[in-house]
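Student: Okay, handing you the structure first.
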Amino acid sequence: MPELPEVEIVKQSLEKSILYKKINKVLVNNRNLRFKVEKNLNKFISNKKILKVLRRSKYIILNFHKNQFLLIHFGMSGTLHLVRNNNSKKTNLSFYHSINLPQKHNHIVIFFNNFKLVYNDPRRFGYLKFFKNLDTLNYYFSNLGLEVLDKRLNLNYLKKVIKNKSKNIKNFLLDQKYIAGIGNIYANEILYYSKINPYKNVNKLNYLELKKIIYFSKLVIKKAIKKGGSSIKDFKNIKGKSGLFQNEFKVYNRENKKCLNKTCLEKIIKVFISNRSSYFCKNCQK
DNA sequence: CCGTTAACCTGAGAGC
DNA sequence: TGCTCTCAGGTTAACG
511 MPELPEVEIV KQSLEKSILY KKINKVLVNN RNLRFKVEKN LNKFISNKKI LKVLRRSKYI
571 ILNFHKNQFL LIHFGMSGTL HLVRNNNSKK TNLSFYHSIN LPQKHNHIVI FFNNFKLVYN
631 DPRRFGYLKF FKNLDTLNYY FSNLGLEVLD KRLNLNYLKK VIKNKSKNIK NFLLDQKYIA
691 GIGNIYANEI LYYSKINPYK NVNKLNYLEL KKIIYFSKLV IKKAIKKGGS SIKDFKNIKG
751 KSGLFQNEFK VYNRENKKCL NKTCLEKIIK VFISNRSSYF CKNCQK
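Using the numbering used here, the first residue of the first sequence is number 511, and each one after it goes up by one.
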């Protein structure tokens, strides 16, 4: 699920649902997420009001009084579910993925007055982490590069960070310390739009190609946000909002399908680069 | 430094 | 129905 656009959609929904609301209590059903959830999480954030909902890269950040924060990362399979409390009427309060709460893997439940926010994560690669002040949060993010939509992400920035580097562009786009927020789906899509071969070394890219990378990174990410993100796996028997950007994939999940460039007769091929599936058109991406 | 592999996990889907 | 195998939107350590 969660690259930058999907996390941004969650963030926007959270703003509508939990901003300025007070947390009553937190129930931790399973502490064993990617990192062990603090024993005192309930103590830390109970009775605190959410003053801001932020997003940095693929992280959601809830901001409390006195610069205290709760960080949420979804890993590969984490989702948040807004669920009415039992005594309330059924409404369409859910904002992501499902209006039906999954049965299993509901690891953390955050209670508000009329509803609860449930963190579900079958694979448990995601995590929640509490920060007592801004310094520790900033330190935690100190290895992250510029946000893909940051205006400072321009030709000069890219030239600077690839200087004396030898690295293929696919791995470069996935490396969060250069550009933050791009994941495997969007890296594939960005390279197709830019007409660049994923194996191409960044030290072989000319300025025009670097400019294309910047332009299409921003464009693809913005388009995906507009479409509500991408939903690859649709869960059976679960209705609810899912993203629509998967309908616009040019290469991702399109192995052996025809290249969508009308003048091209090639089929999209799939290879593995550093263990991540990479889809591209040999003819269009040089 | 660079690319690859494995590791952390569960579950869906394919093939048999 | 079920078994085995591969793969999945992320991140990070270890290895060669």
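We treat Cβ as the ideally placed atom computed from N, Cα and C, and that holds for glycine.
Report the start-end ranges of each beta strand (DSSP E) in the region 516-570 that is 3 residues or longer and not cut off at the edges.
Tutor: Those beta strand (DSSP E) runs which fall completely within the region 516-570 and span 3+ residues are 535-538 and 562-566.
Student: Tell me the DSSP secondary structure of valine 619 in three-state form.
Tutor: Three-state DSSP puts valine 619 in a strand.
Student: Does DSSP put asparagine 711 in a helix, in a strand, or in coil?
Tutor: Strand, per DSSP.
Student: Roughly how far, in whole angstroms, is the beta-carbon of leucine 543 from the beta-carbon of tyrosine 637, given that I think they are within contact range, below 8 angstroms?
Tutor: That belief holds up - the Cβ atoms of leucine 543 and tyrosine 637 are roughly 4 angstroms apart, short of 8 angstroms.
Student: Spatial neighbours of lysine 626 within its chain, please: CB distance less than 6 angstroms, with the 5 preceding and 5 following residues excluded, ordered by chain position.
Tutor: The answer, listed in chain order, is Val593 and Val619.
Student: Where does the unbroken alpha helix (DSSP H) through phenylalanine 682 begin, and where does it stop?
Tutor: Run containing phenylalanine 682: 679-684, per the alpha helix (DSSP H) assignment.
Student: Three-state secondary structure (DSSP) at lysine 614?
Tutor: Lysine 614 falls in the coil class under three-state DSSP.
Student: If you follow the alpha helix (DSSP H) that isoleucine 723 is in, where does it begin and where does it stop?
Tutor: Run containing isoleucine 723: 717-736, per the alpha helix (DSSP H) assignment.
Student: Hey, how far is the Cα of lysine 767 from the Cα of isoleucine 689?
Tutor: For lysine 767 and isoleucine 689, the distance between alpha carbons rounds to 30 angstroms.
Student: Residues in its own chain within less than 6 angstroms of leucine 647 by CB, not counting five upstream and five downstream?
Tutor: Phe579 and Phe641, listed in sequence order.
Student: Whole-angstrom Cβ separation of leucine 561 and phenylalanine 545, contact assumed at under 8 angstroms?
Tutor: 25 angstroms between Cβ atoms; not a contact.
Student: Comparing alpha-carbon positions, which option in Asn785, Cys791, Ser784 and Lys732 lies nearest glycine 764?
Tutor: It should be pointed out that residue 764 corresponds to arginine in this sequence rather than to glycine. Nearest C-alpha to arginine 764: Cys791.
Student: If distances are taken between C-alpha atoms only, which option among Lys559, Ile692, Ser741 and Val520 comes closest to leucine 729?
Tutor: The shortest C-alpha separation from leucine 729 is found at Ile692.
Student: What residues in its chain sit with their C-beta under 7 angstroms from that of arginine 633, if we drop five residues either side in the sequence?
Tutor: Excluding sequence neighbours, arginine 633 sits near Gly585, Met586 and Ser587.
Student: When you compare the CB positions of serine 787 and asparagine 694, do they come within less than 8 angstroms of one another, or not?
Tutor: Yes, these two residues count as a Cβ contact at 8 angstroms.
Student: Measure the Cβ-Cβ separation of tyrosine 649 and asparagine 678 and say whether it is below 8 angstroms.
Tutor: Their beta carbons are not under 8 angstroms apart, which means tyrosine 649 does not touch asparagine 678 by this criterion.
Student: Per DSSP, what are the beta-bridge partners of phenylalanine 759 in this structure?
Tutor: Beta-bridge pairing links phenylalanine 759 to no other residue.
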